[in-house]
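Here is the structure we will look at, set down as structure tokens.
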Ligand code: CMC
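Residue numbers (full-length UniProt numbering): 38 to 429.
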């Protein structure tokens, strides 16, 4: 009793068993339920991947259709949710809105509080997967002062999201299939990543028996930071700041300088000490999207390609095994699609909701679930007597 391992940053602590996602950081391998991420990104779609992560197996045709129908049943948000949006400043960061609105869902669905009932757990999981894309698009529409667009349940989740983001009652704009495919891939690639900071936050919050909407809201809050999901936004801002390939060496030198807090955003990973397999797929997608949009000469894309090349040949990055991560190219794609930078992490959160829900579901279903409760190494004052304020 009283003995524990001191492991700041949980660098070497395994806190749970999981059957969902496997990463081999040395090889640069990522598997969802055993399936390589590259195959899923090429051949599957986000709804199927959601089913897989949640249920453990790829669905039969019938199971797939039932699952999609069930999601479509829950894509609308309660009309009263509008009041939440209207309470925010128009220039609020969409992540600030999202964290509150998702947390507030439990105020609408009281069955979510009963986490011991498997049926209630399942419906909360579906509600989250279905409603978060609608909420994400609403965050954007609110910020630009455009009317909200209802979900169209004849569309796939990725197409629906783009439609809710950009369509207007005054025209018949429809998302281009290449952009839908790229968005779908971004969703698949971000869907789960085992026990990262936000997923661990969801598990820790959920371990107390808190309802799933509250647990996922805490995950969204954690994801926001620039060391985690906020890196895609930070990466694009960095590429913009660099602005021209001629300035890359200056920024590489800054990243290497220990007296400068600047880091190359979109580079490095706690687990991958090799190429992040998601970054490779993302780079391919970036080429496809920029080709379609005729933006191959986009200065941001040029800076990204050149920066990657220079960093991969630099001794500092080689020695520290710093490779591009998933966020390095996702921002370039989203930017080319006309998505504002402050929505990038919202899109990450939308996709990761599937992973958070799957991990929460797995944890809650365990027979021997215990509350998460890390220990600490106390470094404060030893016991001392209280001194009256007049004598201090
Ligand atoms: N640029 C320059 N140096 C770096 C970078 C970078 N991007 N990343 C790590 N280093 C250096 C760091 O200074 C340290 O050097 P030293 O050993 O001399 O002190 C060494 O590499 C190890 O870094 P660390 O911070 O101890 O590693 P970590 O595992 O705690 O952090 C990380 C991982 C992802 C937070 C970090 O690499 C980083 O800050 N990267 C930039 C932000 C980013 O792109 N985050 C997205 C991660 S992928 C998406 C997601 O999962 O959210």
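Built from N, CA and C at the ideal position, the CB exists for glycine as well. The structure presented is a predicted model; accordingly, all values stated were derived computationally and were not measured.
Run through the DSSP bridge pairs and tell me what residue i is partnered with.
i: residue 67; result: 60
i: residue 361; result: 304
i: residue 72; result: 69
Within 10 Å of its beta-carbon, does residue i have 16 or more other beta-carbons around it, so buried, or fewer, so exposed?
i: residue 41; result: exposed
i: residue 236; result: buried
i: residue 168; result: buried
i: residue 306; result: buried
i: residue 205; result: exposed
i: residue 244; result: buried
i: residue 390; result: buried
i: residue 261; result: buried
i: residue 242; result: buried
i: residue 151; result: exposed
i: residue 49; result: exposed
i: residue 82; result: buried
i: residue 415; result: exposed
i: residue 180; result: buried
i: residue 177; result: buried
i: residue 218; result: buried
i: residue 65; result: buried
i: residue 314; result: buried
i: residue 197; result: buried
i: residue 345; result: buried
i: residue 210; result: exposed
For this session: Entirely within the stretch 295 to 325 and at least 4 residues each: give me those alpha helix (DSSP H) ranges in chain order.
Result: none
For this session: Report the residue ranges of all beta strand (DSSP E) runs contained in full by the stretch 109 to 192; include only those spanning at least 3 residues, in chain order.
Result: none
Exercise. Contact between the stretch 143 to 158 and the stretch 242 to 250: three or more CB pairs below 8 Å?
Worked result: yes
Exercise. Are the stretch 413 to 429 and the stretch 52 to 69 touching, with three or more C-beta to C-beta distances below 8 Å?
Worked result: no
Exercise. Would you call the stretch 379 to 394 and the stretch 335 to 355 touching, i.e. three or more CB-CB distances under 8 Å?
Worked result: no
Problem set entry | Entirely enclosed alpha helix (DSSP H) segments - the stretch 202 to 289, minimum 4 residues | 214 to 227, 234 to 244, 249 to 260 and 268 to 279
For this session: Entirely within the stretch 336 to 405 and at least 4 residues each: give me those alpha helix (DSSP H) ranges in chain order.
Result: 336 to 349, 352 to 356, 364 to 373 and 381 to 401
Problem set entry | Touching by the beta-carbon criterion (3+ pairs, under 8 Å), the stretch 277 to 291 and the stretch 158 to 172 | no
Exercise. Should the stretch 397 to 407 be called in touch with the stretch 348 to 364, which here means at least 3 C-beta pairs below 8 Å?
Worked result: no
Exercise. Is the stretch 195 to 213 touching the stretch 358 to 373 in the sense that three or more CB pairs, one from each, lie closer than 8 Å?
Worked result: no
For this session: Tell me, please, whether the stretch 117 to 130 touches the stretch 225 to 239 by the rule of three or more beta-carbon pairs shorter than 8 Å.
Result: no
For this session: Pair every Cβ in the stretch 275 to 283 with every Cβ in the stretch 316 to 329, then say whether three or more of these pairs are closer than 8 Å.
Result: no
For this session: Determine contact between the stretch 311 to 321 and the stretch 266 to 277, defined as no fewer than three beta-carbon pairs at a distance below 8 Å.
Result: no
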